[in-house]
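Below is one structure, written out as C-alpha cells; comments come after it.
Numbering (my numbering), first residue to last: 728 to 948.
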C-alpha cells in the first residue's frame with residue numbers, strides 16, 4: 728500500500744448512505760415534521776388572510792384595547808427596553824403605545840432583520856426618528872444603538888393553550904429568543920380568533936410568557 732493511501736472501516740463512497748444525524752451536525756426532517764410544516768404553512772396563510780380581511784374599525788378597536796392591556800402589563804414588569812414591531816398583514820397596531828412610551832422617555836426598540844441574517848436585531852428608537860421600508864414592506868429603523876429588550880412583543884399568527892406560537896415562515900423571533908444569553912419576557916400579540924387547539928410544537932419552538940388579545944391577557948389553565 729502506498730504511503731498516501733488510507734484504509735477506512737467503510738469505503739468513503741458509501742458515506743452518502745449514512746444518516747447525517749449520525750454525525751450530530753444535521754437535523755434530518757422526519758415525515759411527521761414535513762407534514763407539520765405543510766400544515767403550518769396552510770394555517771399561517773389562512774390566518775393571515777383573516778387578519779387582512781378584518782374591518783378597519785375592528786382593527787382599530789382591537790388595537791386600542793390591546794395597547795391598554797399591554798401598557799398595564801409593562802407597568803408591572805418594566806425593567807428595561809421594550810421591543811415593539813411595526814404592523815404588516817393586518818397585525819395588531821401598537822404604534823400609539825410605542826410613541827407614548829417614547830414621549831415618556833421610556834426605552835423603545837424596533838426590530839430589523841439584516842440581509843442573510845436568520846434572526847432579528849433590535850435598535851433603540853425615539854419618536855421622530857426616520858424609518859425606511861424593510862424586506863417585508865414594514866418600516867424599520869436601525870440607526871440607533873443595538874439593544875437587548877427586557878420585554879419583547881411578538882406579532883403572532885397563531886397561538887395555542889400551551890403558549891407556543893406561529894409567526895412568519897422564517898421564524899425570526901424564535902431564532903432570536905433561542906440565541907440570546909438572557910431570555911426576555913415574551914408577550915405574544917394577536918386576536919382572539921388566532922387561538923387554535925395546537926400548533927404542533929417542534930423541537931425548536933419557544934413558549935410565550937403571556938398572550939394579549941382584544942379581550943386582555945389570556946388566562947392559562
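For glycine and all other residues, C-beta sits at the position ideal for the given N, C-alpha and C.
Being a predicted model, the structure only gives us computed values, none of them experimental.
Beta-carbon proximity list for residue i, same chain, < 8 Å, skipping 5 on both sides
i, result
"residue 796", "939, 943, 944"
"residue 853", "829, 835, 871"
"residue 766", "927"
Other residues of its chain near residue i: CB distance less than 6 Å, five sequence neighbours each side excluded
i, result
"residue 879", "810, 911, 913"
"residue 834", "808"
"residue 750", "The pLDDT assigned to residue 750 is 45, lower than 50, so where the model puts this residue is not dependable; a value taken from the coordinates is nonetheless given after this. Around residue 750: no qualifying Cβ."
"residue 925", "887"
Span of the alpha helix (DSSP H) around residue i
i, result
"residue 766", "758-780"
Length of the line joining the Cα atoms of residue i and residue j
i, j, result
"residue 776", "residue 761", "23 Å"
"residue 790", "residue 821", "7 Å"
"residue 748", "residue 930", "Here residue 748 scores only 46 on pLDDT, less than 50, and its place in the model should not be relied on; the value that follows carries that caveat. Each residue's alpha carbon lies about 15 Å from the other."
"residue 788", "residue 883", "18 Å"
"residue 802", "residue 757", "44 Å"
"residue 875", "residue 903", "10 Å"
"residue 818", "residue 885", "11 Å"
"residue 781", "residue 793", "16 Å"
"residue 759", "residue 895", "20 Å"
"residue 936", "residue 815", "23 Å"
"residue 857", "residue 906", "29 Å"
"residue 774", "residue 800", "26 Å"
"residue 851", "residue 832", "12 Å"
"residue 823", "residue 768", "31 Å"
"residue 877", "residue 785", "30 Å"
"residue 901", "residue 928", "12 Å"
"residue 923", "residue 917", "12 Å"
"residue 855", "residue 825", "12 Å"
"residue 873", "residue 838", "10 Å"
The beta strand (DSSP E) enclosing residue i, as first and last residue numbers
i, result
"residue 824", "Premise fails: residue 824 lies in the alpha helix (DSSP H), 822-830, not in any beta strand (DSSP E)."
"residue 937", "937-940"
Per DSSP, cross-strand counterpart(s) of residue i
i, result
"residue 839", "848"
"residue 691", "Because the chain is modelled from 728 through 948, residue 691 falls outside the range shown and cannot be assessed."
"residue 917", "The partner list for residue 917 (beta bridge, DSSP) is empty, contrary to what the question assumes."
"residue 944", "939"
Give, in chain order, every unbroken run of the alpha helix (DSSP H) that is at least 4 residues long and sits entirely within the region 782-815. 783-804
Only counting runs of 3 or more residues, tell me where the beta strand (DSSP E) segments fall wholly within the region 844-915, in order along the chain. 848-852, 878-882
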